[in-house]
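Worksheet: one structure, shown below.
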Amino acid sequence: FDVPPLSSLLSVVHLNMHYKLKKSNKEELNHSVFSLSQWEEIGEVDENYAPIHTYQVCRVMEQNQNNWLHTNWILTEGAQRVFIELKFTLRDCNSLPGGVGTCKETFNMYYYETNDRALKESRYIKIDTIAADESFTELDLGDRVMKLNTEVRDLGPLTRKGFYLAFQDLGACIALVSVRVFYKRCPFLVKSLAEFPGTIPGSEASQLVEVVGRCVNNSLPLYEPPRMHCSTEGEWLVPIGKCVCQPGFEEINGSCQVCKVGFYRSLLESLACSKCPPHSVARQTGATACSCEDGFYKIESDPPNMACTRPPSGPRNAISNVNETSVFLEWSIPMETGGRKDVRYNILCRRVLPDGRGLEECGPNVRFLPRRVGLSNTSVMVADLQSHTNYSFLLEAVNGVSELAKDHTKQYVTLNVTTNQAGTSVVRKGRTGKSSIALSWAEPDRPNGIILEYEIKYFEKEQDSSYTIIKSKDTEMEVEGLKPSSVYIFQVKSAKNRLISSTHFFGSPYLTYVSGETYTIYIPTITTMHYDQAITLALVLLAVVAGFLLSGRRCGYSKAKQDPEEEKMHFHNGHIKFPGVRTYIDPLTYEDPNQAVHEFAQEIDVSFISIERIIGAGEFGEVCSGPLRLPGKREIQVAIKTLKAGYTEQQRRDFLWEASIMGQFNHPNIIRLEGVVTKSKPVMIITEYMENGSLDTFLKKNDGQFTVIQLVGMLRGIASGMRYLSDMGYVHRDLAARNILVNSNLVCKVSDFGLSRVLEDDPEAAYTTRGGKIPIRWTAPEAIAYRKFTSASDVWSYGIVMWEVMSYGERPYWEMSNQDVIKAVEESYRLPGPMDCPEALYHLMMDCWQRERSNRPKFDEIVCLLDKLIRNPSSLKKLVNSSHSPFVTLHLCSSCGVENIVS
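Heads up, the sequence shown is in this note's numbering, so the first residue is -4 and it goes up one at a time.
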């Protein structure tokens, strides 16, 4: 309707306003003046006899009433939504005498929004029709009981500087007692050392206004600026980020206090000032770091809470073991490590010159395995030395601060050794034919005995499992019957006795023959024995074999070739089947991978899962933990792998592939699949929760904290799980301590079943997987060379896992490159026994690392042997002989009914 002309409105008067606010986050709009038309101002007193004003109208005896009352221009003060509280009384029409012309029990409220004070003729916008919950009668008037009604309406969104309110009476008997116009705002707040200004909410009821706080009192943002959100109800919600005291200060009672002398604080993540670590001091207040005392040092990578350290003392108990022209050096860690764990060792090799002419450094032809400087282990193999020569080795221990200690006197340990006979002879090519070649070689220099004969072993390249050995008493031989245009490998060794000869070529270099072309290389001869020694050893072997035959073979393992049926596979309906056992089925054989997921994995409703915290990150998304509450079952804690948003269909299949594999396994030492979530997002794989995480990290955190029996128990669990997988016909391919999970009871379980592997052409020879690079140091030689993955290659990997466990998570082969590892293993180098490792366990490791995969034990034999060791703890007391060369292989064990063969 049209606004009545200004000339028809009465003079402006003040409207009584209530300022007793229930909340401090309400702001009054302090414009309480009204214009009157037919409304009448009445002055009264309240119950406390304070004067109040009301506006009344009661023209019910007249027809066609249209009585207006409106306010002055109300400034919004930036508010986009305001609230209007009305308090009024209204008379019941039924209580009025007869002959009433018009009577209503409602009135209307309108508003008009404008940028200035001018009230032009325009159209008001209706806010609402206001009705009374309580009305009074004539009887109430006599008792002076006024039934007060309170109504609140909100108005918004407002976009202009101010507005007018108007009230229209169409024939009611009404008294307007109070009109309160206000808006809500979030008050000024200081929280978590951040100051947030008073903020007016947004216009929408569900809208949150984000406010960035300001760090106060010597504080800085932690990770990101602090933020809070102001709701339309004037409440602060959803805090994000926070402020923390800057370095050199700590928070006390909500404010940042400076660190005292002798204390420091350097990291924003730490809450309080810390006392300076040992051998350091802070001489002023507000220190962000402590300086080291004289003679002590720190490097940049050292954490602030680490004590200042110093260089180590020299290595101890150094010993040597000479094997022809190779020397195995071993020593103990220094008595004083300087307070650091990054102790490394350097070797200086010097040759003693004849006639006392001094020393000269060894030339570049001398090899150090794994390396000469920066050794983390306490042993090294020095090869390719000159025969019958005196050498002096200096062993030095260093740590991270050795370079900083300029005035520190280096402490060396000196070892003097003399090499034995030359270990090489030269093989030469003679005349060649289409199917024959003539070979000749020189007799070794200083053979230390009479050579009875030579053995020549040859085979086609990459066919080393099928070879021929011929013998000769001379230093030349013609080999016939060779295939034309084929590549042959020749190896030569000398023997001092027909009964006993070594079974190892020690990774000999070889002479290569192909289509008439030859390459001459040096070939080592083998350490020999005198005749009487051979007879004695032969008698010992006969006694052991006789005892073995009489006692029976109970739980031992044989070195004979594996059953040819072991690797045979049959195909049934497109799936691989192994005879006589429950068989693993490759999910890739299904035309629809989703069918495999639902066949082997249970679908879980997402409402049964609660994600409580993030425990890691995987290739496809986050790894979380939380409770799983299945109907009718007790609540259990589970690990939850999630598939991140934006995935492709191929990524979804790859993600669920592991669940299709894991769902086929049911064994206490295999990680258990609880189910999958595929019908809602995010897609999830649910597994049992392993509290202690991966085995390698767990061992590093608890270095030296377990008994040998506990470690053997862990190894037994891993072997039991692998025996189950082997019986299922599943080859793991990536068995390593990082893929073993440990629960709170120290039970180890095999995990990580979702990888596919492709061998790269890279000379570093690492496998590429969907999860990243897998170093070859866990992989069997035949798998590296020919991609032959079998349970026997898993056994090789298990031997590496044993070494990891007994060394408390040390990296296999230390800092050697992948190419150096391949070369060293090919030359029969094997990892030395870890410190304090029982001899029986190290022998088992060596058997797992047999070059011939058929000579390696099977997993059921490994489990049986470990059970025997656990039942007889005394068998674990004998530790690895520190003087053993890593080139010597010992097979065990007589206590388990197995041949004790020394080679």
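No residue lacks a Cβ here, since even glycine has one placed at the ideal position from N, Cα and C.
Where residue i sits in the DSSP three-state scheme
i    : result
F693 : helix
D128 : coil
V816 : helix
E319 : coil
P307 : coil
Y837 : helix
N850 : helix
S387 : strand
A74  : coil
S430 : coil
R346 : strand
K237 : strand
With 16 other Cβ atoms within 10 Å as the buried cut-off, status of residue i
i    : result
G627 : exposed
Q60  : buried
Q845 : buried
K478 : exposed
K466 : exposed
K744 : buried
G641 : exposed
A714 : buried
I464 : exposed
S434 : Looking at the sequence provided, one finds Leu at residue 434 rather than Ser. Per the 10 Å Cβ criterion, buried.
S480 : exposed
Q163 : buried
A113 : exposed
S201 : exposed
K237 : buried
N372 : buried
Minimum C-alpha distance to residue i - residue among the options
i    : options                   : result
A313 : P306, L263 and M330       : M330
E471 : V482, W436 and E264       : W436
N110 : D149, Q51 and L153        : L153
K639 : V633, P365 and V678       : V678
Q75  : E228, I328, L85 and G828  : E228
R180 : V347, A126, E72 and L263  : E72
L203 : S226, R825 and E190       : S226
E799 : R825, S269, L694 and T774 : L694
E190 : P221, C168 and R175       : P221
Q700 : T673, Y453 and S802       : S802
K873 : H838, E856, N411 and C254 : H838
G193 : Y218, V875, V52 and M223  : M223
K456 : V482, V185 and K468       : V482
L623 : K676, E594, T682 and Y781 : T682
P663 : L720, Q632 and I857       : L720
G716 : E630, F854 and C210       : F854
I120 : D698, R806 and F158       : F158
Beta-carbon contacts of residue i that lie in its chain and below 7 Å, excluding the five residues immediately before and after
i    : result
Y579 : Q659, M723, G724 and Y725
D128 : N144
K674 : E598
P582 : P588, A591, W652, S655 and I656
Contact set for residue i: own chain, Cβ-Cβ below 8 Å, skip 5 residues either direction
i    : result
C251 : L188, N212, N213, S214, C240, Q241, F244 and E245
Q705 : L741
Contacts around residue i, its chain only, beta-carbon distance under 6 Å, and the 5 residues preceding and following it disregarded
i    : result
A378 : S321 and R362
I680 : K636, A654 and V671
W773 : A731, S792 and I795
F615 : L638 and F650
V875 : G828, C832, E834 and Y837
L343 : L389
P349 : none
L160 : T66 and Y106
E686 : N738 and S739
G151 : Q75, R76 and S198
One or two residues paired with residue i in a DSSP bridge
i    : result
K676 : For K676, which the question treats as bridged, DSSP gives no partner whatsoever.
Q632 : P622
E455 : Y483
N62  : D164
Check: residue i C-beta below 7 Å from any heavy atom of the ligand ADP
i    : result
N661 : As for the ligand ADP, it is missing from this structure, which has no ligand bound.
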